[in-house]
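S.K.: Pasting in a structure now, in structure tokens, and then I'll have a few things to ask.
Numbering (the numbering used here), first residue to last: 61 to 155.
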């Protein structure tokens, strides 16, 4: 097993942190009723992750774009666990 490079870790971190930043930016442009509903919230989250990973692929290449997508996917997965199964992983159920 090989440890990932610092560059890969940095791009995964960009995906994990950049997805909610982009999500907040996009949410300010959509109607409040859409951005506060569960389905609307996840549409914006998934769209943010896809858009950020697409931009990373276009600017930095496929591998780095995939790393950004992994980070964004982890963010979405932890959000799903917090919202729909808060007791499964201790510590993730807190707001």
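A virtual CB, placed ideally from N, CA and C, is assigned to each residue, including glycine.
List the whole-angstrom C-beta distance separating residue 79 from residue 108, where the pair is believed to meet the contact cut-off of C-beta under 8 Å.
M.R.: Residue 108 and residue 79 do touch by the CB rule: their CB atoms are close to 5 Å apart, below 8 Å.
S.K.: Using a Cβ-Cβ cutoff of less than 7 Å, which residues in the same chain neighbour residue 134 once the five nearest sequence positions on both sides are dropped?
M.R.: The answer, listed in chain order, is 76.
S.K.: My output table needs one value for residue 87: the three-state DSSP class, helix, strand or coil.
M.R.: helix
S.K.: Under 8 Å, do residue 132 and residue 113 count as touching if we go by C-beta distance?
M.R.: yes
S.K.: Should residue 123 be labelled buried (16 or more other beta-carbon atoms within 10 Å of its own) or exposed?
M.R.: Answer is exposed; the Cβ neighbour count stays below 16.
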